[in-house]
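*Asks:*
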Amino acid sequence: MNSNFRKFLVQAGQITVGNAISAFSIACFALPYGMVVSGISGFGRIANYYFGFNISTTVLIINVALFLLGWAMLGTKFAMSIIVGSLTFPAFLELFQSIPQLQHLVDDPLLAAICAGIIDGVGLGIVIRSGGSTGGIDVPPIILNRKFGMKVAPLMYALDMGIFLIQLPITKTNGIILGILYAFLYSIVMNKVIVMDQGGMQMFIFSSQITKINERLLELGFGTTLFNGTGGYLREPQEICYCVVSSRNLNRVKREVLAIDKKAFISISNASEVNGNGFTLLLQDEDYNPDPSSRSDGGEITETKL
Numbered sequence: 492m493n494s495n496f497r498k499f500l501v502q503a504g505q506i507t508v509g510n511a512i513s514a515f516s517i518a519c520f521a522l523p524y525g526m527v528v529s530g531i532s533g534f535g536r537i538a539n540y541y542f543g544f545n546i547s548t549t550v551l552i553i554n555v556a557l558f559l560l561g562w563a564m565l566g567t568k569f570a571m572s573i574i575v576g577s578l579t580f581p582a583f584l585e586l587f588q589s590i591p592q593l594q595h596l597v598d599d600p601l602l603a604a605i606c607a608g609i610i611d612g613v614g615l616g617i618v619i620r621s622g623g624s625t626g627g628i629d630v631p632p633i634i635l636n637r638k639f640g641m642k643v644a645p646l647m648y649a650l651d652m653g654i655f656l657i658q659l660p661i662t663k664t665n666g667i668i669l670g671i672l673y674a675f676l677y678s679i680v681m682n683k684v685i686v687m688d689q690g691g692m693q694m695f696i697f698s699s700q701i702t703k704i705n706e707r708l709l710e711l712g713f714g715t716t717l718f719n720g721t722g723g724y725l726r727e728p729q730e731i732c733y734c735v736v737s738s739r740n741l742n743r744v745k746r747e748v749l750a751i752d753k754k755a756f757i758s759i760s761n762a763s764e765v766n767g768n769g770f771t772l773l774l775q776d777e778d779y780n781p782d783p784s785s786r787s788d789g790g791e792i793t794e795t796k797l
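Its first residue numbered 492, the sequence shown is counted upward by one per residue in my numbering.
(1) If we ignore side chains and look at the alpha-carbon of each, how far apart do Asn493 and Gly622 end up?
(2) Would you call the CB atoms of Gly509 and Leu578 closer than 8 Å?
(3) How would you write the range of the beta strand (DSSP E) that Leu717 sits in, first residue to last?
(4) Would you give the residue range spanned by the alpha helix (DSSP H) that Gln505 belongs to?
(5) Which residues in the same chain as Ile751 place their Cβ atom closer than 7 Å to its Cβ, once the five residues preceding and following it in sequence are excluded?
(6) Does the distance from the C-beta atom of Gly608 to that of Ile531 stay below 8 Å?
(7) Can we say the region 720 to 737 touches the region 672 to 687, given the rule of at least three CB pairs closer than 8 Å?
(8) Who are the near neighbours of Phe544 in its chain, counting only those whose CB is closer than 6 Å to its CB and skipping five residues on each side?
(9) Exposed or buried, Thr549, counting other C-beta atoms within 10 Å across all chains shown (16 or more means buried)?
(10) Taking only runs of the alpha helix (DSSP H) that begin and end inside the region 634 to 707, which ones reach a length of at least 4 residues, in chain order?
(11) Contact check, Val735 vs Ala762 under 8 Å by CB: the rounded distance?
(12) By Cβ distance below 6 Å, which residues in the same chain neighbour Leu557 in space, the five residues on each side in sequence not counted?
(13) From Thr793 to Gly712, what does the alpha carbon distance come to, in whole angstroms?
(14) In chain order, what residues of the same chain lie with their CB nearer than 6 Å to the CB of Gly533, ignoring the 5 residues before and after it?
(15) Between which two residues does the alpha helix (DSSP H) holding Glu764 run?
(16) Looking only at its own chain, which residues have a Cβ that is under 6 Å from the Cβ of Ile506, when we skip the five neighbours before and after it?
(17) Grouping DSSP H, G and I as helix and E and B as strand, with all else coil, what is Asp776?
(18) At what residues does the alpha helix (DSSP H) containing Val528 begin and finish?
(19) Just mark Thr716 as buried or exposed, buried being the case when its beta carbon has 16 or more other beta carbons within 10 Å.
(20) Look at the alpha carbon of Leu596 and the alpha carbon of Pro645, and state the distance between them as a whole number of angstroms.
(21) If we ignore side chains and look at the alpha-carbon of each, how far apart do Ile696 and Asn740 end up?
(22) Give the list of continuous beta strand (DSSP E) stretches no shorter than 3 residues that lie fully inside the region 548 to 599.
(23) Measuring straight from C-alpha to C-alpha, what distance separates Gly691 and Ser760?
(24) Comparing C-alpha positions only, which one of Ala518, Ala603, Arg536 sits nearest to Leu656?
(25) Measure the C-alpha to C-alpha separation of Ser758 and Arg726 and round it to an integer number of angstroms.
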C-alpha cells in the first residue's frame, strides 16, 4: 500500500474518531440541556428554534456549502483536508440524536456541562492533533487569512463569540452559564490533548562543577547544551548546562546533579512541546550523534534518552 495513502487512512481514522467523540458530547450532553454551543452547531440550534429544522441536517448543509466555498477559493488540497470532518461530524450528530437512550444521560445539568466539556475537549484535541478539523467554521477564517493575510485565531474567536451571542435570546440563563462552563472546560482539555506526550521538562543547571555534571549526564545518555554566562553579582564567567528530559527522568537527573554538587542551582520548567532527536525522531541522525573523534575533546557520546 502506498505510504501516502496509508498516512491518509490513519489521519482520516483519527479525524473520524475525534469527530464521533465531539458529536457525542454535543448530542448527548450539551443540546439536551439547552446549552449555548459554538461553531456550526450553534447555527443548528438557531435554525431549529426559529424554523424547526433538524440540527444535524442544518450542520451538514452549512458544512457542505463551506466545503464547496473552500474548494473554490483555496483549491483541492485544502478541500481534501476538511472533507472528512465536514461529513462525519453531522453524520455522528444525527446518529447520537436519533437514539433516545442517549438523551439526558445524567440528571444534573452541571454534571452534563462538565461531561460535555471534557468529552468534547478530547474529541477536538484528537481532531486537531491529527491535522484535521470538524469542517464548517474553520473555513472562512482560513480563506481570509490566505487571501488578505488576516490572522486566523482572532477571526475564529470573533466568529465563535458572534455565534454565542446570537443564541442568547433563545437560551435560558442556566443554559448560558452551563455553556460558558462547557466551553471553558473543552478549551482546557483540548489543549492538553493536543500537546499530550509531546512535552518534557527543561533544566538549566548552574554549578562550579558543571564540567563533571555535563560529562555525567552524557554518560547516562542525556543530551546537553552548554552556554557561556556571567554571574550577576560577582561578574564572573560561568558555564550553564541546559538539558531537556521527560518527566519520568526528571528526578533521576536531579539526583545525579546534586550527587556531584549539592549546592548546584537547578531551574526547572515545563516544555509544552519537544521535537527532534530523542523525543520525536529515531536516534540515528549522524549530525546529532557523531563519531566520538569529531568531539573537540575526543570524549565518547552516547545515545540521548528521554
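Backbone N, C-alpha and C fix where the C-beta goes; we use that ideal spot for every residue, glycine too. Keep in mind it's a predicted model, so treat the numbers as computed, not measured.
*Replies:* Answer, in terms of the structure:
(1) Straight-line Cα distance between these residues: approximately 20 Å.
(2) Not in contact: Gly509 and Leu578 (Cβ atoms no closer than 8 Å).
(3) First-last of the beta strand (DSSP E) with Leu717: 716 to 721.
(4) Membership of Gln505 in the alpha helix (DSSP H) is indicated by the continuous run 494 to 516.
(5) Non-local C-beta neighbours of Ile751 in its own chain, meaning closer than 7 Å and more than five positions away in sequence, comprise Gln700, Lys703, Ile704, Arg707, ordered along the chain.
(6) No, they are not a contact pair.
(7) No: the two stretches stay apart, fewer than three of their Cβ pairs being nearer than 8 Å.
(8) The residues are Ala538.
(9) Buried is the call here.
(10) If we require 4 residues or more, the alpha helix (DSSP H) runs fully inside the region 634 to 707 come out as 643 to 657, 664 to 685.
(11) Here Val735 really is in contact with Ala762; their C-beta atoms are around 6 Å apart, less than 8 Å.
(12) Excluding the 5 residues flanking it on each side, Leu557 has same chain C-beta neighbours closer than 6 Å at Gly627, Val630, in chain order.
(13) Bear in mind that the predicted position of Thr793 carries a pLDDT of just 43, short of 50, making it unreliable; the figure below should be weighed with that in mind. Roughly 5 Å separates the two Cα atoms.
(14) Closer than 6 Å at the Cβ level, and outside the excluded window around Gly533, lie Ile654, Gln658.
(15) Bounds of any alpha helix (DSSP H) do not take in Glu764, whose DSSP letter is neither H nor E.
(16) So the list reads Val575, Gly576, Val618, Ser621, Gly623, once near-sequence residues are dropped.
(17) In this prediction, Asp776 scores a pLDDT of 42, lower than 50, which makes its location untrustworthy; the coordinate-derived value is nonetheless stated afterwards. Coil, per DSSP.
(18) Per DSSP, Val528 belongs to no alpha helix (DSSP H) and is neither H nor E.
(19) With fewer than 16 other CB atoms across the displayed protein chains lying within 10 angstroms of its CB, Thr716 is exposed.
(20) Between the C-alpha atoms of Leu596 and Pro645 there is a straight-line separation of about 35 Å.
(21) Looking at the two C-alpha atoms, the distance is approximately 15 Å.
(22) Runs found: none.
(23) Per the coordinates, the alpha-carbon of Gly691 lies some 9 Å from the alpha-carbon of Ser760.
(24) If we check each option's Cα against that of Leu656, Arg536 comes out closest.
(25) Their Cα atoms are separated by approximately 20 Å.
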